[in-house]
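Student: In the working numbering, the protein residues as written are 92 to 247. For every residue, glycine included, the Cβ atom is placed at its ideal position computed from N, Cα and C. In this text the structure is predicted, and so the values were computed from the model without any measurement. Right, I'll just put the structure down here and ask away after.
Next up, the structure:
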């Protein structure tokens, strides 16, 4: 699947979702009444197309993008256990960290987010149709449910 297909899927499948596009990256927010200002929201899914925020995935390759999804703690641990992740906020080269359990440049593989994995975010670079159907769709639904739940608790 490509970025446009994934973006369309998210917007057509989940109600009350806003998307903000900045520098080619897309940030998806649950905001059913559209009255919460953008600086007071946190995305539940992002589509990132460049290395502007981190260099772990080498996204400057032609047509490579990273889909990031905020999932629950139990799901994260069932998928990844307690992975060794690079130092927060630094690329592997910058931190000298070579302890990561993952090749963050690999395509079509679920893995913890290289920076936000500690916050139970997962990612996949250029998911295939099969990976999207079997692995990504359920994680998108979970992220959406979590975002709705947080929104409802915050606005109760």
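Restricting to Cα atoms, I'd like to know which of 211, 165, 158 is closest to residue 197.
Tutor: Numbered from 1 along the chain shown, position 106 holds the residue referred to as residue 197. Taking only the C-alpha atoms, the option nearest residue 197 is 158.
Student: Over what stretch of residues does the alpha helix (DSSP H) that includes residue 239 continue unbroken?
Tutor: Indexing the chain shown from 1 puts residue 239 at position 148. Residue 239 -> alpha helix (DSSP H) spans 228-245.
Student: Can you list, in chain order, the stretches of the beta strand (DSSP E) that have 3 or more residues and sit fully within the stretch 135-185?
Tutor: Qualifying beta strand (DSSP E) stretches, in chain order: 136-139, 157-161.
Student: Let me make sure I understand the geometry here. Which of 98, 202, 152 has the alpha-carbon closest to that of residue 175?
Tutor: For this step, residue 175 is matched to residue 84 along the chain shown. Considering only alpha carbons, the answer is 202.
Student: Starting from the C-beta of residue 242, find all residues in its chain whose C-beta is less than 7 Å away, skip the five residues before and the five after it, and write them out in chain order.
Tutor: To locate residue 242, count along the chain shown from 1; it is residue 151. These residues qualify, in order along the chain: 121.
Student: Tell me the DSSP secondary structure of residue 220 in three-state form.
Tutor: Within the chain shown, numbered from 1, the residue matching residue 220 stands at position 129. Correct three-state label for residue 220: helix.
Student: Are residue 213 and residue 228 close, meaning C-beta to C-beta below 9 Å?
Tutor: Your numbering for residue 213 matches position 122 in the chain shown. Your numbering for residue 228 matches position 137 in the chain shown. In this structure, residue 228 does not lie closer than 9 Å to residue 213 by Cβ.
Student: Nearest CA to the CA of residue 200: which residue from 211, 170, 210, 209?
Tutor: Taking the chain shown and counting its residues from 1, the one referred to as residue 200 is at position 109. Checked all of 211, 170, 210, 209; the closest Cα to residue 200 is 170.
Student: Thinking C-alpha only, which one of 93, 134, 167, 162 is nearest residue 112?
Tutor: Translated into positions along the chain shown, residue 112 becomes position 21. For residue 112, the nearest C-alpha among the options comes from 134.
Student: Roughly how many whole angstroms lie between the Cα atoms of residue 110 and residue 234?
Tutor: Against the chain shown, residue 110 aligns to sequence position 19. Against the chain shown, residue 234 aligns to sequence position 143. One C-alpha to the other measures close to 15 Å.
Student: Within the continuous alpha helix (DSSP H) that includes residue 71, where are the two ends?
Tutor: Summary: the structure shown does not reach residue 71, with the chain confined to residues 92 through 247, and so no result is reported for it.
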